[in-house]
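Residue numbers (the numbering used here): 14 to 150. Data first, discussion second: the structure below is written as structure tokens.
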């Protein structure tokens with residue numbers, strides 16, 4: 014049970030560092046490897062440039078074995094282009110939006126296991142709030 018609580022505390026601390034853009038803490042404490050962290054920071058920096066005021070609030074957290082799954086709500090303001098996924102090429106709207114995400118972390122020896130996690134994003138809700146997708150009433 015202690016290991017489950019340690020893993021949950023690890024994810025909470027990592028999400029706090031991410032919310033604060035504390036890249037040094039992410040590199041030092043949470044990195045499975047320097048290369049993995051550099052790639053993550055590069056991509057997340059692009060996202061932060063496109064979505065200012067990023068904040069992820071954890072709503073649920075479940076731990077089993079060496080895995081932790083979190084359900085969270087992200088709030089951010091669309092201020093620039095993001096060159097990936099469904100947002101690629103869409104001009105910034107200046108709108109503040111909220112969407113849900115679910116991610117899984119695999120933790121071994123106090124570090125995330127490289128290439129083991131996943132992230133699901135409610136892109137439909139985000140596109141609707143940005144005004145790029147309408148759904149019939």
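Here a beta-carbon is modelled for each residue, glycine too, at the ideal position from N, C-alpha and C. As the structure is a prediction and not an experimental result, all values here were calculated from the model.
DSSP beta-bridge partners of residue i
i           : result
residue 160 : This structure gives no information on residue 160, because the portion of the chain shown stretches from 14 to 150.
residue 111 : 88
residue 64  : 91
residue 74  : 83
Cα-Cα separation, residue i to residue j
i           : j           : result
residue 84  : residue 72  : 6 Å
residue 88  : residue 68  : 5 Å
residue 146 : residue 114 : 19 Å
residue 105 : residue 96  : 12 Å
residue 62  : residue 101 : 13 Å
residue 51  : residue 39  : 10 Å
residue 33  : residue 128 : 23 Å
residue 16  : residue 144 : 44 Å
residue 27  : residue 123 : 12 Å
residue 37  : residue 150 : 46 Å
residue 35  : residue 58  : 12 Å
residue 116 : residue 76  : 12 Å
Pair within 8 Å by beta-carbon distance, residue i and residue j
i           : j           : result
residue 64  : residue 29  : no
residue 148 : residue 142 : no
residue 53  : residue 120 : no
residue 81  : residue 20  : yes
residue 125 : residue 131 : no
residue 70  : residue 112 : no
residue 136 : residue 98  : yes
residue 93  : residue 103 : no
First and last residue of the uninterrupted beta strand (DSSP E) at residue i
i           : result
residue 133 : 131 to 134
Contact with chain B by residue i, beta-carbon distance below 8 Å
i          : result
residue 52 : Judged by its chain identifiers, the structure shown contains no chain B, having just a single protein chain.
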